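S.K.:
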Amino acid sequence: MEALAEEYRPKGFEFLFMFTREAHPGENFPRHTSMEQKLEHARAFRDRLGVQRTILVDDLEGAVHHAYGLLPDMCYMIGKRNRILYRADWTNADTLRMILDYQLILAEQRQSNVKVGPNYCEFLGF
75 MEALAEEYRP KGFEFLFMFT REAHPGENFP RHTSMEQKLE HARAFRDRLG VQRTILVDDL
135 EGAVHHAYGL LPDMCYMIGK RNRILYRADW TNADTLRMIL DYQLILAEQR QSNVKVGPNY
195 CEFLGF
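Residue numbering for the sequence shown is 75 to 200, as defined by my numbering.
1) So, for R184: in the same chain, excluding its five sequence neighbours on each side, which residues have a beta-carbon less than 7 Å away from its beta-carbon?
2) What did DSSP end up calling L144 once you bin it into helix, strand or coil?
3) Between I129 and A137, which are expected to be in contact by the criterion C-beta below 8 Å, what is the C-beta distance as a whole number of angstroms?
4) For the putative contact between L78 and L170, defined by C-beta atoms under 8 Å, what is the C-beta separation to the nearest angstrom?
5) Would you say R161 and M148 are within 8 Å of each other, going by their C-beta atoms?
6) Beta-carbon within less than 6 Å of L145's beta-carbon, same chain only, minus the 5 sequence neighbours each way: which residues are those?
7) Please name the residue or residues paired with I129 in a DSSP beta bridge.
8) Pick helix, strand or coil for R117, following the three-state DSSP scheme.
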């Protein structure tokens, strides 16, 4: 994801990572019991994995995680008008690349005055 973020950032995309909860508490890090501890874990995550994206840290109750569906590795693309343009129950860089490229095509069409209407699509990848 870091390479994808680096490639698409100059094209106008911002990549954020929402640090919600420990996926497997106890293996390497315990369940979060304070915001200080959760922030420490987020910093360790950033440093260990070399994450360059902006990391947002959810509250201890997981308000954002609850609002967006509670799955462990979800991916959302949110447009400039705060509309959800893409969501997936599992983050996959290849699929996200396809969606990013599609958004760039739509932007080019709009700039060329091609009428681009709303389009709903479901995609199943396995």
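Cβ atoms here follow ideal geometry from the backbone N, Cα and C, with glycine treated the same way. None of the values given here were measured: they were computed from a predicted structure.
M.R.: Taking the coordinates as given:
1) V190
2) coil
3) About 16 Å separates the two Cβ atoms, so there is no contact after all.
4) L78 to L170, Cβ: 6 Å. Contact.
5) yes
6) D163
7) F91
8) helix
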